[in-house]
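In terms of the numbering used here, the sequence shown has 503 at position 33, counting the first letter as 1, and numbering is strictly consecutive. Cβ coordinates follow ideal geometry from the N, Cα and C atoms, glycine included. Keep in mind the model is a prediction, meaning the values are calculated, not measured. These notes are about the structure you will find just below.
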Amino acid sequence: MTSQAPNKLQRSLMRLDEAPAFMRGFVQNIILRRAVPFTGTAGVRFVSLTPERVEVHVANERRVQNHIGGVHASAMNLLAETATGMVVGMNVRDDCLPLAKELSMAFKKRATGGLKAVATLTAEQRAAMLASDKGEVQVKVTVTDEAGVEPVECVFTWAWVPSSRPPKN
């Protein structure tokens with residue numbers, strides 16, 4: 471596959487290269503948390519962002535805990551949705567809008583400590599997003615806790631549609 475030109479989100483993140491190296495991660499988190507405010511409320515930390523792979527973390531802190539002291543199910547969902555949404559957002563064409571379409575989340579084990587979510591897209595999925603102004607993609611995401619256990623199994627389906635629709639009659 472030939473390399474595709476960066477989209478709007480990728481171009482915005484590339485501007486971070488102008489910041490001093492020691493500040494890039496901090497500034498990146500501020501920018502992305504402003505774009506999606508709930509991620510800031512929950513304390514989601516953006517660790518790695520490439521068009522092929524996104525990694526995000528959330529610490530097991532009081533603001534995201536459930537009644538037994540673990541990361542709340544809603545925070546797990548937010549983490550997985552953020553990772554999948556960012557990887558899709560880094561690949562959707564500038565004339566398209568990404569939309570979460572469907573999610574499935576099965577709780578398998580009790581989580582220990584903070585959580586990490588890693589979402590990936592294949593070269594074929596990325597090419598399909600570039601080739602069409604409308605479609606959908608099932609995004610692979612793995613959520614693991616500090617012990618390396620996968621407490622949940624998640625599947626997210628994202629759609630993309632043209633960002634401007636003709637007026638309705």
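query, result
"Nearest-angstrom Cβ-Cβ length linking V528 and G583, presumed shorter than 8 Å", "Contact flag wrong, Cβ pair sits at about 10 Å."
"Contact set for M560: own chain, Cβ-Cβ below 6 Å, skip 5 residues either direction", "L479, Q480 and P521"
"Own chain partners of R494 with C-beta closer than 8 Å, once the 5 adjacent residues on each side are dropped", "L486 and D487"
"Cα-Cα separation, E623 to A629", "20 Å"
"Close-in-space but distant-in-sequence residues of the same chain around V541 (CB under 6 Å, 5 per side omitted)", "N530, V534, A581 and L585"
"Nearest neighbour of L569, chosen from M599, K578, L483 and V526 [CA to CA]", "M599"
"Extent of the continuous alpha helix (DSSP H) run through A491", "It is not in any alpha helix (DSSP H) - A491 carries neither H nor E in the DSSP assignment."
"Coil, strand or helix - D615 by DSSP", "strand"
"Neighbour-count burial assignment, W615, 16 or more Cβ in a 10 Å radius", "In the sequence under discussion, the amino acid at residue 615 is Asp, which differs from the Trp named in the question. So D615 ends up on the buried side."
"Per DSSP, cross-strand counterpart(s) of A632", "For the record, residue 632 in the displayed sequence is Pro; it is not Ala. P632 pairs with C566."
"8 Å Cβ cutoff met for T590 and R523", "yes"
"Length of the line joining the Cα atoms of L502 and V625", "23 Å"
"Whole-Å CB distance - D565 paired with P632, under 8 Å assumed", "6 Å"
"Buried versus exposed, by CB contacts within 10 Å (16 or more), E572", "exposed"
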